[in-house]
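Protein sequences, first through last, are from chains A and B. The first sequence begins at 1 in the numbering used here and counts up one residue at a time. The second sequence begins at 335 in the numbering used here and counts up one residue at a time. Every residue gets a Cβ at the ideal spot worked out from N, C-alpha and C, and that includes glycine.
Number of protein chains: 2
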Amino acid sequence: MNAVTISDVAARAGVSQATVSRVMSSSRRVGREVEARVRRAADELGYSGNGIARALRTRRTDTVGMVVPSILNPFFTTLVDSMENALHAEGKQLFLCDSRQDPAVEAEQLRSLIERHVDGIVVSPVHDTESAAAVARSARAVPLVQLDRRVDVPGTDWIGLDDAEAMKLVMEHLKEAGARSVAFVTSELTNSSTALRLEGFRRWAADLGLRIVDDGVVLGDFSVDSGDEAARRLLASPDRPDAIVCADDLIAIGVLRAARETGVAVPSALQVTGVDDIVFSSYVTPALTTLAQPTDRMAAEALRLLSLRGGADEGGAGARVSFAPTLVRRQSTR
Amino acid sequence: MNAVTISDVAARAGVSQATVSRVMSSSRRVGREVEARVRRAADELGYSGNGIARALRTRRTDTVGMVVPSILNPFFTTLVDSMENALHAEGKQLFLCDSRQDPAVEAEQLRSLIERHVDGIVVSPVHDTESAAAVARSARAVPLVQLDRRVDVPGTDWIGLDDAEAMKLVMEHLKEAGARSVAFVTSELTNSSTALRLEGFRRWAADLGLRIVDDGVVLGDFSVDSGDEAARRLLASPDRPDAIVCADDLIAIGVLRAARETGVAVPSALQVTGVDDIVFSSYVTPALTTLAQPTDRMAAEALRLLSLRGGADEGGAGARVSFAPTLVRRQSTR
DNA sequence: ATGAAAGCGCTAACAT
DNA sequence: ATGTTAGCGCTTTCAT
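Rendered as C-alpha cells:
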C-alpha cells in the first residue's frame, strides 16, 4: 500500500512539509534548487498524495455526483459520457449513480453523495413529484443542477431540451412530408419531459392542422417494447394515423418494429419520428428521423452553473437553460 | 452548506463526540436513553456526517474506481451497470472513468483514482502492451482486478469471458446450421479479447472442418462502421463465405447492414453471429444470434476478488476467473 | 457505559 | 523563500 506521506518526502528532501506542499501544488514560488530536491525525493519514494486529507483540509473533493434514472437508457449513457468528458477536462471525477427509476433509491443516492462531500450534483429526477423532496433537500446542502428531467424546486437550475421547439420541428417536418393525421406515444406523465412534449405535440398539431386520431395519445414507458405495443394498438385501429410521433427513440424503434411485423410500410404508409438521436437510431431499418440533443454543450453548461453557485447560496433565480435540438432526417419520414 | 459536525451534535445531546460516533456507527452499545437523545439531536440539527473525515481516519472510502475503454460501447455500459448495482448493494459508490481508448488517459485516470484512495479498482485495459505499466503500478498501490480485457501483469486477478468456449459455441452452432466456409471480423490485435477469440475461431474452424475463406480474417475496430466495411469486402470477394463470425455485436450489426444494402439475404445466403448480446442485437433485422455474457455474475466476482486482497498483498496467485457465455439463437443464423 | 485525547495527512495562516 | 503550527471532522485507544 502507498503509505508514503508528505512528511516522508519532507524528511528525505530536508525541508518542511509546507515546502513540499507548495511544490506539489505549485501554489507559491519555491527556490529552484529546493524544488528539484523535493521533486526528486517524491519520485524516489513514489509519493502520490492523499486526496482525502487534502479534501478534508480544503473542503473541496474535486468530484461531482451524477444521478440518472437508468444508465442503460442510451440517452443517459450519452449524457453521462458528456459529463465525464467535461469533468475530466477540469481534473474532476464523476460519481455515477443509477436510481433505477426509483425515487427511494434516488433519495438514498443523493444523501450518500452529500455525505461524501461532492462539490456538486447533477441529477435527472425520476419522478415529477416523488423526487421533489430529496432534490430540494440536496440542493440546500450542495450546489445542484437538474439535467434533462426536472422537478419543481424553486431556486434550482435546470438544463435541458427546449421541448416546445422540439415538437415544433418534428411536426413541421411531418406536415411538409404530407402527414395528415398523427398520434403520439410517450411514457407515463410522471416526468417533466413527457408532459412538455405532449403539450407541444398538441399545440403544434392544432396550429398546423394535423388531426390527432382517436385515442391518439398512448402512454407507456421509455422502452422499445412499450413503443411496439402502442404501435400495434394504433395500427389496428380503424382511425389509423399516417404518422406516429414518439417521445424518444426507444419508443420509436419499437414502433418501427411493430410496423415491420404487421406489414405497414415506413415511410410510405406510416411516418415515424423519435427524440434523442441515440446511436442506434441510424442503424435500424429504416433509419429513424429524430432530434439530436447537444449533450456536450448541455454538460458544459451544467458544470458552469454548478461552479457559479459557490456554496450555500440559495434564493438564486433558478436558471432554466434550454437548448434547441436539431432535426436529423432519415428514412422513417418522407 | 452543511456545517453541522459531530461535536455540534455532542454538545446538543450533552454527551461526548465519542458517544455520538458510537451511536451513529452503532459500533458499541450505548445506553438506551443516551442513544435516543443523540439521535434526536442529530435529527434536529440535520447532521449527516462527513465521509471525508471518516475516510481519513478509517482509511476506507467505500468507493471503487472503474476504468473502461468507452462507456458508449453498449457492452461496457452493461458492465458498468452491473458494477454499479453490485456496489450499491454494499453501500459503496462508483467512480466512473472513460479512458477513450487511450493508454495515456487510462494511466492518468488510474493515478487519479489512487490519489483519491479508492478501496479498489476495476479496469478493462485499453491496450495489450501499452496499458501494462500503469496497470501494474496501480495494482501495487491498491487492490485491482481486470475485467473483460486484460494485460499480462503477474499476480493480478482477471474476470472475463471464456473466449475459447465462446468460439466453440458459435462455430458448433454454425456447423449444425450448415455453414461450410467462414470468415472472422474483429478489431486490431491490440487487446486480449481479440487475440483469444481469433485463436478460438481458427482452432474450431479446423476442428469442425469449416473452411476459412481467402483473406477471411479482417481486422478493424469494435464498431458498426468497421463491421460494415469488412463485410462489403468479404461479400465482394470471389471466395465469399457463407457465415461471418464477428468478435462483437457492433461489428455484427455493421455486417448485417452491409448484407442488407448489398442484397445478400441473411440467414439464407449468409449467416452472421456476434458476441455480447447487447440490447440492440434483438432489435436489428434480422435479430442477431450472439453470445450473452453473465455480467452481473462477473461484477459480483470482481467485487469478491477485490475484497479478498485485503491490502498491500502481492504475489497472489493471480486468479483468472472465466465465465462461459450462453448462445442466444435469433434470426441471423439458421 | 461513557469521556478525554491523540492523530489520520494535508494546507493555510502566520512567522521569520 | 521557507518553517512552525493549528486545525479540517472523525474514530479509536485508553481511562474511568
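Assigned secondary structure, residue i (DSSP; H/G/I helix, E/B strand, else coil)
i	result
L291/A	strand
L604/B	coil
G588/B	helix
T619/B	coil
G652/B	coil
A324/A	coil
A646/B	Its pLDDT being 44, under 50, A646/B is placed unreliably by the model, and nothing is read from it.
G337/A	As displayed, chain A neither begins before 1 nor continues past 334, which places residue 337/A out of reach and without an answer.
Q480/B	strand
A166/A	helix
L406/B	coil
S545/B	The residue asked about is misnamed: residue 545/B is Arg in this sequence, not Ser. Note: R545/B maps to strand in three-state DSSP.
Q101/A	coil
V15/A	coil
D610/B	strand
G385/B	helix
S571/B	coil
Q93/A	strand
S223/A	coil
G380/B	coil
A517/B	strand
A3/A	coil
L189/A	coil
Beta carbon proximity, residue i to chain A, threshold 8 Å
i	result
S446/B	yes
L428/B	yes
T411/B	yes
I405/B	yes
D415/B	yes
E648/B	Note that E648/B scores a pLDDT of 49, beneath 50, so its modelled location is shaky; the value from the coordinates is reported in the next line. By this cut-off, E648/B is not an interface position.
Under 8 Å by beta carbon: chain B residues contacting residue i
i	result
I253/A	Y617
I115/A	Here residue 115/A turns out to be Glu, not Ile, going by the sequence shown. Neighbours of E115/A on chain B, chain order: S382, G383, N384, G385.
Contact check, residue i vs residue j, beta carbons under 8 Å
i	j	result
G588/B	A565/B	yes
V275/A	A183/A	no
E569/B	A592/B	This sequence places Leu at residue 569/B; Glu is not what is there. Yes; because the gap between Cβ atoms is below 8 Å, this pair is in contact.
L508/B	T411/B	no
I114/A	S138/A	yes
P69/A	V126/A	yes
R304/A	F323/A	no
A633/B	A420/B	yes
Q109/A	S124/A	no
V519/B	C431/B	no
A13/A	A41/A	yes
L413/B	L481/B	yes
R567/B	V551/B	no
V64/A	V122/A	yes
Contacts of residue i in chain B (Cβ-Cβ under 9 Å)
i	result
L208/A	Near L208/A there are no residues of chain B at all, since even the closest Cβ is about 31 Å away, more than 9 Å.
Neighbour list for residue i in chain B, Cβ cutoff strictly below 7 Å
i	result
D157/A	Near D157/A there are no residues of chain B at all, since even the closest Cβ is about 17 Å away, more than 7 Å.
Proximity test, Cβ basis, 8 Å: residue i and chain B
i	result
D98/A	yes
R180/A	no
V9/A	no
Amino acids of chain A, ordered along the chain, whose beta-carbon sits closer than 7 Å to that of residue i
i	result
E378/B	Under the 7 Å cutoff, chain A gives no residues; its nearest Cβ is about 15 Å from E378/B.
V558/B	Y283
Chain A residues whose Cβ lies nearer than 9 Å to that of residue i
i	result
E418/B	I71, L96, C97, D98
**Message:** Against chain A, which members of the region 380-396 of chain B pass a CB distance test of less than 8 Å?
**Reply:** S382, G383, N384, G385, I386, A387, A389, L390, T395
**Request:** Scan the region 591-615 of chain B for residues whose Cβ lies nearer than 9 Å to a Cβ of chain A and list them as they occur along the chain.
**Result:** R591, R594, V613, F614
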